[in-house]
Amino acid sequence: PPDPPPPSAPPPSPPAPSPPAPTTPVPTGPRDPTPADAAEFAADFRPEGADGLRSVAADVNGDGVNEIVFAAIVADVVRLDVAAWNGETYEIAYTGQGGAADEISGFTVRDITGDGPTREIVTSQNVGAQGQSVSIWGWDGAAIAPQTAQDGCWTGSNTYGIIGARVGRGRIEATCDGSPLPTAAWPTDVYLWDGAAWAYDSTIDPEL
3 PPDPPPPSAP
13 PPSPPAPSPP
23 APTTPVPTGP
33 RDPTPADAAE
43 FAADFRPEGA
53 DGLRSVAADV
63 NGDGVNEIVF
73 AAIVADVVRL
83 DVAAWNGETY
93 EIAYTGQGGA
103 ADEISGFTVR
113 DITGDGPTRE
123 IVTSQNVGAQ
133 GQSVSIWGWD
143 GAAIAPQTAQ
153 DGCWTGSNTY
163 GIIGARVGRG
173 RIEATCDGSP
183 LPTAAWPTDV
193 YLWDGAAWAY
203 DSTIDPEL
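So in my numbering, spot 71 of the sequence shown is number 73, and the numbers just go up one at a time.
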């Protein structure tokens, strides 16, 4: 009888899977914000009832990283919100109020005290036919806070002026309520920055 066929060779084993290629880890630690981070937060943030919302990215506390400063009118009063970078995202770090307002006519972040590299936040607002005032906030060494007056007609307030105010480097001139005299006779108080607050310096009486 014929010999039986030789046994078949076993099929080849499949190749062993290759180890996965190493991947570059995605950094998860703190990082600096990008302009896109600021733009995205500014586009998404809107306080309830806010009218005329505007924003600016600026380094308020002088640490080299921009905050996002928002100003709007809520319930006929200026509202200020400041978002700070926490290493991963922006978050609201301060909310405060300024003067009564129908309109925000000016909004800047600049050094008005001469104490740079920190900067002050200044809003100018109008109310009614003649009402004009400015509100000021700044960095107090630990947090953003209102910059209030010491003495004079605006003592304790971070809003200055009733029918007008002027802000210069280290100096504020703010009109006071001189009722019942006509507005042309209302006095103006002068405040000078003393390194910690706006201190009353003198009163200017108009020459009628």
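Where a beta carbon is used, it is the ideal one built from N, C-alpha and C, also for glycine. Note that the structure is a prediction, hence the values are computed from the model and not measured.
Report task. Reducing DSSP to helix, strand and coil, say where residue 109 ends up. Result -> It is a strand residue.
Query - Assigned secondary structure, residue 72 (DSSP; H/G/I helix, E/B strand, else coil) - result: Shown here, residue 72 sits in a strand according to DSSP, grouped into three states.
Query - Limits of the unbroken beta strand (DSSP E) element including residue 32 - result: Unbroken run through residue 32: none, as it is neither H nor E.
Query raised in the report: Would you say the region 161-169 touches the region 128-148, given that touching needs at least three Cβ pairs under 8 Å?
Result: They touch, by the three-pair rule.
Requested in this report: Would you kindly work out how many angstroms separate the C-alpha atoms of residue 71 and residue 142, rounded to a whole number?
Outcome: Between residue 71 and residue 142, the C-alpha separation is close to 16 Å.
Query - residue 64, buried or exposed, once every other Cβ within 10 Å from all chains shown has been counted against 16 - result: Under this definition residue 64 is an exposed residue.
Query raised in the report: In terms of DSSP beta bridges, what is residue 79 paired with?
Result: Per DSSP, 76, 102.
Requested in this report: Please go through the same chain and pick out, in chain order, the residues whose beta-carbon is closer than 6 Å to the beta-carbon of residue 109, but skip the five residues on each side of it.
Outcome: These residues qualify, in order along the chain: 56, 73, 125.
Requested in this report: Confirm, please, whether the CB-CB distance from residue 76 to residue 49 is below 8 Å.
Outcome: Taking 8 Å as the cut-off, the beta carbon of residue 49 is found closer than this to the beta carbon of residue 76.
**Report entry** Through-space distance from residue 111 to residue 104, alpha-carbon basis
**Finding:** The straight-line gap from Cα to Cα measures roughly 21 Å.
Query raised in the report: DSSP three-state call for residue 39: helix, strand or coil?
Result: In the structure shown, residue 39 sits in a helix (DSSP, three-state: H, G or I).
Query raised in the report: Can you round the beta-carbon distance between residue 54 and residue 106 to whole angstroms, since I take them to be within the 8 Å contact cut?
Result: Going by Cβ atoms, the distance from residue 54 to residue 106 rounds to 6 Å, so yes, they are a contact pair.
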